[in-house]
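One structure is given here, and the rest of the page talks about it.
Numbering (the working numbering), first residue to last: 8 to 172.
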């Protein structure tokens, strides 16, 4: 939380560094994350992909651990049916990287949404100030996605995500 809080209020452009072909539509778009709001218990990071402002990463405290959940909204601000998924930090972590395997509520949501393969998702957040790096990762059998942001070069703050003021 401390490393992320140091980025609060700033926005950064990102690049997909994994090589899965299904990510090509994102590669064709400008990708910007904005560390928009920070409290001691929650950090909200909207993710903009081109003109799509539907995604927010929410890093928050759950008891004595950090959790990562994904908020998805439509352009009118209403929640998408597939929202709130994520997990709580597992025991595989370092000072710069945290892993978040899918929690039970997420697994139930993925079953109900007809995407049971996603129940194996493990998301990761990596913050390396000395390398000017913020990375977001998704991994499961047969799927790997990683996007890296250069935190040495802030960009203009994007508009608010859908559903926010």
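Just so you know, even glycine gets a beta-carbon here, dropped at the ideal spot from N, CA and C.
The alpha helix (DSSP H) with residue i in it runs from where to where?
i, result
"residue 114", "111 to 119"
What span of residues does the beta strand (DSSP E) with residue i cover, start to end?
i, result
"residue 136", "Note, residue 136: premise wrong, no beta strand (DSSP E); not H, not E."
"residue 157", "150 to 162"
"residue 59", "59 to 69"
"residue 51", "49 to 56"
Among the options, which residue has its Cα nearest to the Cα of residue i?
i, options, result
"residue 66", "8, 34, 161", "8"
"residue 39", "45, 138, 60", "60"
"residue 172", "84, 139, 79", "84"
"residue 102", "126, 134, 108", "134"
"residue 75", "88, 127, 107", "107"
If we ignore side chains and look at the alpha-carbon of each, how far apart do residue i and residue j end up?
i, j, result
"residue 72", "residue 95", "7 Å"
"residue 144", "residue 130", "5 Å"
"residue 64", "residue 149", "23 Å"
"residue 169", "residue 160", "25 Å"
"residue 27", "residue 112", "27 Å"
"residue 123", "residue 32", "23 Å"
"residue 69", "residue 151", "26 Å"
"residue 43", "residue 55", "12 Å"
Look up residue i in the DSSP assignment and give the residues it is bridged to.
i, result
"residue 95", "74"
"residue 9", "Residue 9 pairs with nothing; no bridge assigned."
"residue 17", "Paired residues: none, contrary to the question."
"residue 106", "131"
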